[in-house]
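Encoded as structure tokens, the structure appears first; notes follow it.
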Amino acid sequence: MKILQLCNKAPFPANDGSSIAIANLALGLADNGIELHLLAINTKKHFKADEKIDHLTKEKTHYTSVYKNTNTTLHGALFNLFSKQSYFVSRFNFKEFELALIDKLKSQTFDIIQLEGVFMASYMATIRKHSKAKIVIRAHNIEHQIWERLLLEEKNWLKKKYVSLQNKRLKQFELSAFNNCDAIVPITDIDAENLKLLFPNQQIETCLTGLNLEDYKRVLLPMQPNTIFHFASMDWMPNIEAVNWLLENVWNDVIKEIPDAKLVLAGRGMPESIKQKASSSISIIEQVESSVEFYKTFDIMLVPLWSGSGLRIKLVEGLAYGKAIITTSIGAEGIPYLANKHLMIADSSKDFKNAIITLIKNQSLKLDLQNEARALAEAEFNYKIIAEKLIVFYQRLLKS
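For the sequence shown, the residue numbers in numbering that gives the first Met the number 0 are 0 to 399.
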């Protein structure tokens, strides 16, 4: 079987949630004997030099990237008002990538073309014109649902009006893409069930994001015990919303009870408004040089998400490292967990505060959560087994 994987960002090295999801599935497919070709948009925002990718990874994935500055601009946002396309989608559609895709399709024959996220679906017409391959959308999220959740909290009426328009266009595009592809591969069962309700005749198969667990060693005794941390890409709106909620509704109450508690906020693209909150009890780390060292250093993991869909890859990494995790029901979506066994669920500021204080004070409970977190990762998130299951689905798809 030959698979072409189209990506809206360069996944190697994998240093954020979506690139981890792309990279680990690519390597899992290749390690299961698939001839994989990966063609990525190498954006200015997430630029990764091709020459820094190790030779074995390039060889396994036949890796190629095309550079493009896809950053949002005021001019681009305003100009888009005169079109019928969603600005969320149109930024990722450009001639240079289309030409590279056509060259790839003319030089190779593929069985499956896997689009990493709905933004790559703008190339479906080009694929249909130049290939007979089955087109599969790997839905990292149901994108319009993320914005619908965020819009509920938006206070700026002008921004809300603009984003509402863009999300209406995005929803139309996304639903059309899901309807016209050959199969959908969501990352969680929750997204799969939602999609089955919308598209009862579509072929849909859940494929979790896996990890190479040999790269993740359990950390039961961190270098800085009883520290609390949030580690995520801070250029994603749901993560900004999560941190602001934590600071405004939870952290001050924690400090009142445990004055020497320390909160570490880490991640690329940290907004200036959050950086200004640094204090004796709050540390800001904008660039994490080594995720391994970060998880070795800090202790209790927080994922206080209130919007978004799909699987939180950083949370899956936390499970693999054996971290005690506190999250919301939305944050834990897609994880096959048992509350208070694998992780703690807190859906109010009071519950979140109490969960943090409980874990700081109860070392036995924290150790139990750490052990069960790693056990869950080993049972559910082995990248090679997950890729193997997807290959079985693709074999059925090719026969249909």
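C-beta: ideal position from N, C-alpha, C; glycine also.
Tell me, please, which residues DSSP counts as bridged to residue i.
i: lysine 261; result: Thr226
i: leucine 301; result: Ile325
i: methionine 343; result: Ile325
i: proline 185; result: Ala138
i: leucine 210; result: Asn381
i: isoleucine 203; result: Ile183
i: isoleucine 111; result: Ile2 and Lys133
Tell me which same chain residues have a C-beta within less than 6 Å of the C-beta of residue i, skipping the five on either side of it?
i: histidine 61; result: His36
i: methionine 0; result: Ile33 and Asp110
i: lysine 47; result: Ala9
i: alanine 323; result: Ile299, Leu358, Lys365, Leu368 and Gln369
i: leucine 114; result: Leu5, Ala120 and Ile136
i: alanine 182; result: Val135, Gln202 and Leu396
i: aspartate 346; result: Thr327 and Ser328
i: glutamate 95; result: Val65
Is the separation between the beta-carbon of residue i and that of residue j shorter than 8 Å?
i: isoleucine 134; j: isoleucine 141; result: no
i: glutamate 173; j: valine 249; result: no
i: alanine 29; j: cysteine 6; result: no
i: arginine 217; j: arginine 395; result: no
i: leucine 149; j: serine 328; result: no
i: lysine 51; j: leucine 26; result: no
i: glycine 333; j: isoleucine 189; result: yes
i: asparagine 31; j: glutamate 377; result: no
i: phenylalanine 293; j: alanine 265; result: yes
i: leucine 375; j: tyrosine 336; result: yes
i: isoleucine 312; j: glycine 16; result: yes
i: alanine 20; j: histidine 129; result: no
Near residue i, which residues of its chain fall below 7 Å by C-beta distance, leaving aside the five closest residues on each side in sequence?
i: phenylalanine 297; result: Pro221, Gln223, Thr226, Phe228 and Val263
i: asparagine 70; result: Lys43 and Lys44
Excluding sequence positions up to five away, which residues of its chain have a Cβ less than 8 Å from the Cβ of residue i?
i: leucine 380; result: A small correction: the amino acid at residue 380 is phenylalanine; leucine does not occupy that position in the sequence shown. Closer than 8 Å at Cβ, skipping near neighbours: Leu207, Thr208, Gly209, Leu210, Leu212, Val315, Leu318 and Ala319.
i: proline 270; result: Met233 and Ile239
i: isoleucine 254; result: Ala260 and Ser280
i: glutamine 107; result: Lys1, Leu3 and His36
For the beta strand (DSSP E) containing residue i, name the first residue and the last one.
i: asparagine 41; result: 34-42
i: arginine 137; result: 133-138
i: lysine 276; result: Segment: none, lysine 276 is in no beta strand (DSSP E) and carries neither H nor E.
i: valine 117; result: Taken as a continuous stretch (DSSP letters only), valine 117 belongs to no beta strand (DSSP E), as it is neither H nor E.
i: serine 280; result: No beta strand (DSSP E) contains serine 280, which DSSP labels as neither H nor E.
i: valine 65; result: 63-67
Count the other CB atoms, across all protein chains shown, that sit within 10 Å of the CB of residue i; report buried if there are 16 or more and exposed otherwise.
i: asparagine 41; result: buried
i: tryptophan 146; result: buried
i: proline 185; result: buried
i: lysine 105; result: exposed
i: glycine 435; result: Not covered by the structure: residue 435. The range shown for the chain is 0 to 399.
i: valine 162; result: buried
i: phenylalanine 78; result: exposed
i: proline 237; result: buried
i: proline 12; result: exposed
i: lysine 83; result: exposed
i: alanine 241; result: buried
i: asparagine 178; result: exposed
i: glutamate 371; result: buried
i: valine 302; result: buried
i: glutamine 275; result: exposed
i: phenylalanine 81; result: exposed
Along the chain, where does the alpha helix (DSSP H) that runs through residue i open and close?
i: isoleucine 21; result: 16-30
i: glutamate 313; result: Strictly speaking, residue 313 in this sequence is lysine, with glutamate absent from that position. Element bounds for lysine 313: 312-319.
i: lysine 1; result: Not the alpha helix (DSSP H): lysine 1 falls in the beta strand (DSSP E), residues 1-6.
i: tryptophan 235; result: From DSSP, tryptophan 235 is part of no alpha helix (DSSP H); its letter is neither H nor E.
i: valine 441; result: Because the chain in this structure spans residues 0 to 399, residue 441 falls outside the shown range and cannot be described.
i: leucine 55; result: 54-60
i: glycine 75; result: 73-79
Check whether the Cβ of residue i lies closer than 8 Å to any Cβ atom in chain D.
i: alanine 338; result: Checking the listed chains, one finds no chain D in this structure; it contains a single protein chain.
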